[in-house]
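Chains as they are written, first to last, in our numbering: chain X, 415 to 727; chain B, 43 to 340. Cβ atoms here follow ideal geometry from the backbone N, Cα and C, with glycine treated the same way. Here's the structure we're looking at; comments come further down.
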């Protein structure tokens, strides 16, 4: 409601005037050019070392699971993830198993993939449609309904899960993908983000459309949507992550093993009597790969999408 | 008919209709139902009105209070960790010195953990905090002269593992919020301050922090509700909803146990209603106290 961090209003606010020059050290322009430069380099080194150490710590758990994919699963589960790695014992057995004999793993993977693609596409469509109504029109009750959007954003799903679960069972929708997708199509954060973006579109554009005889909906679909690709990208990433990692709601509604998504499937492998720990480790690692690839390719949209919530304050 | 649907008076309602339907079917109806069920005893689909009996039971239930204590403790500690640490990291990254490549690598490395699902993060942290003396955290403990610690068997060490998981996953995201906020602070403020002779540290406390107020309010708000609603982290770390002496049980975990595992819907609904009231009260109080609503009206 208040915070408007600059990158989030759809357009980068890093206007050239305000952006600090990349390496523009103010200190160097001071009257004594030598002393500040010395402390400047020392500062750079200390800062660099500090950042790299923290980055290394943050990456350890991911590197550890990567190394774990080359180790014997039961060993890893018994000994825990360890700093001392027996390099001579590393092998590709788990990879061979994954691609030849991993049971339902790729079924889960495929389920997650299909579900994510469908859910993201529908969520973007429905949420941007709703957002357009809030952004472009004045109508009685608008602020009331918009407050409801904000309110919905502040109620954690965990508090809704039980009554929703009961209701879904009554409606006979349990164990279907429909019910995983349906309640979250008009998604509050996404609506909010799109509204913010649409507010920045000049109204003249819409008037021009109306003059040309385009209907209200035609203006949305044919004029506004095509120029909203940056917002789409950020929200596709955010929702893609949410869907791919979605765990709690599918855990409640899915019963048939054939319908399990990746997180649900992986969770079933984490039992004390498990005999499939190889698959658990390598499976967990492979579940990260699609997201990591997307992240490396579209880092900017990830950060924009994941920090989108800050708009609401 | 078509003309009405296409008129400019009706179109906005058509646009927001999907939200209105979602709100009614998936929010208002279930939440209302939750209130109703919390006053009932629900057995095999037969609901009997029992007034406030569920709430009375709740009040006298030591496990509920323990879960509440665990959730509150986790919420407070995540705020204590996940505000100052990312704030300092953001300030270090945002300093005018340093190599842009190192900074980009740093930001990416801290952000990646947020992309992992709670399932994968839980599996990894369970293995890092394993009991064997060769597990990573026990190797670290050994450096400081401690024997192998059975992390997940004792209350405080289990909590430490949970907090480590939270810090690992969310420090990067909070840092990004702060960096975004810092970039909107005019550089002139800092220039004026350094002309007045204020050092880096004073600039941080007297310019950066006050100007980040909206971002801070936001981060604390999501931490409040995220902390109180925490469930899956504990569920994954302890490989299920049961932990030694319920040390990892949160309010949502208790709701899950009663409602989903034991099918005691009336009582579980009461747990949910209490939690909802607490979260909303804390959040609203906090937002009122920080003056957020006033600014919105302006």
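Quick check: what's the CA-CA separation for residue i versus residue j?
i: residue 637 of chain X; j: residue 620 of chain X; result: 8 Å
i: residue 302 of chain B; j: residue 296 of chain B; result: 10 Å
i: residue 213 of chain B; j: residue 148 of chain B; result: 12 Å
i: residue 461 of chain X; j: residue 140 of chain B; result: 7 Å
i: residue 282 of chain B; j: residue 527 of chain X; result: 26 Å
i: residue 577 of chain X; j: residue 314 of chain B; result: 9 Å
i: residue 182 of chain B; j: residue 197 of chain B; result: 19 Å
i: residue 101 of chain B; j: residue 171 of chain B; result: 35 Å
i: residue 612 of chain X; j: residue 635 of chain X; result: 13 Å
i: residue 623 of chain X; j: residue 633 of chain X; result: 6 Å
i: residue 304 of chain B; j: residue 516 of chain X; result: 33 Å
i: residue 458 of chain X; j: residue 617 of chain X; result: 47 Å
i: residue 57 of chain B; j: residue 565 of chain X; result: 19 Å
i: residue 122 of chain B; j: residue 169 of chain B; result: 25 Å
i: residue 229 of chain B; j: residue 551 of chain X; result: 37 Å
i: residue 163 of chain B; j: residue 572 of chain X; result: 19 Å
Exposed or buried, what is residue i when buried is set at 16 or more other beta-carbons lying within 10 Å of its beta-carbon?
i: residue 329 of chain B; result: buried
i: residue 456 of chain X; result: exposed
i: residue 292 of chain B; result: buried
i: residue 287 of chain B; result: exposed
i: residue 630 of chain X; result: buried
i: residue 614 of chain X; result: exposed
i: residue 216 of chain B; result: buried
i: residue 419 of chain X; result: Caution applies to residue 419 of chain X, whose pLDDT of 38 falls short of 50 and renders its modelled position unreliable; the value that the coordinates give is listed next. The residue is buried, with at least 16 neighbouring Cβ atoms inside 10 Å.
i: residue 45 of chain B; result: exposed
i: residue 152 of chain B; result: buried
i: residue 275 of chain B; result: buried
i: residue 331 of chain B; result: exposed
i: residue 300 of chain B; result: buried
i: residue 111 of chain B; result: exposed
i: residue 555 of chain X; result: exposed
i: residue 86 of chain B; result: exposed
i: residue 142 of chain B; result: exposed
i: residue 502 of chain X; result: exposed
i: residue 237 of chain B; result: exposed
i: residue 692 of chain X; result: buried
Check whether the Cβ atoms of residue i and residue j lie closer than 8 Å to each other.
i: residue 126 of chain B; j: residue 210 of chain B; result: no
i: residue 497 of chain X; j: residue 179 of chain B; result: no
i: residue 260 of chain B; j: residue 249 of chain B; result: no
i: residue 522 of chain X; j: residue 679 of chain X; result: yes
i: residue 294 of chain B; j: residue 309 of chain B; result: no
i: residue 676 of chain X; j: residue 701 of chain X; result: yes
i: residue 653 of chain X; j: residue 538 of chain X; result: yes
i: residue 484 of chain X; j: residue 505 of chain X; result: yes
i: residue 311 of chain B; j: residue 80 of chain B; result: yes
i: residue 124 of chain B; j: residue 208 of chain B; result: yes
i: residue 60 of chain B; j: residue 544 of chain X; result: yes
i: residue 520 of chain X; j: residue 609 of chain X; result: no
i: residue 220 of chain B; j: residue 279 of chain B; result: no
i: residue 18 of chain B; j: residue 116 of chain B; result: Any answer about residue 18 of chain B is impossible in this case: the structure gives chain B only from 43 up to 340.
Helix, strand or coil: which one does DSSP assign to residue i?
i: residue 720 of chain X; result: helix
i: residue 497 of chain X; result: coil
i: residue 90 of chain B; result: strand
i: residue 466 of chain X; result: helix
i: residue 85 of chain B; result: strand
i: residue 486 of chain X; result: coil
i: residue 556 of chain X; result: helix
i: residue 551 of chain X; result: coil
i: residue 74 of chain B; result: helix
i: residue 188 of chain B; result: coil
i: residue 50 of chain B; result: coil
i: residue 242 of chain B; result: helix
Between the options, which has its C-alpha nearest residue i's C-alpha?
i: residue 307 of chain B; options: X/711, X/604 and X/579; result: X/579
i: residue 568 of chain X; options: B/69, B/226 and B/47; result: B/69
i: residue 687 of chain X; options: X/491, X/634 and X/472; result: X/491
i: residue 668 of chain X; options: X/466, X/464 and X/595; result: X/595
i: residue 695 of chain X; options: X/546, X/471 and X/494; result: X/494
i: residue 604 of chain X; options: X/651, X/472, X/553 and X/559; result: X/651
i: residue 218 of chain B; options: B/277, B/145, B/289 and B/267; result: B/145
i: residue 664 of chain X; options: X/720, X/598 and X/647; result: X/598
i: residue 697 of chain X; options: B/99, B/165, B/89 and B/85; result: B/165
i: residue 284 of chain B; options: B/253, B/65 and B/109; result: B/109
i: residue 265 of chain B; options: B/114, B/158 and B/200; result: B/114
i: residue 559 of chain X; options: X/711, X/606, X/511 and X/707; result: X/606
Does the beta-carbon of residue i, which I'm using as the reference point, lie nearer than 7 Å to any heavy atom of the ligand GTP?
i: residue 630 of chain X; result: Summarising the ligand content, the structure contains no ligands, and the ligand GTP is consequently not present.
> If you measure beta-carbon to beta-carbon, which residues of the stretch 493 to 518 of chain X are closer than 8 Å to chain C?
Replying inline: The chain inventory of the structure shown lacks chain C, comprising the protein chains X and B.
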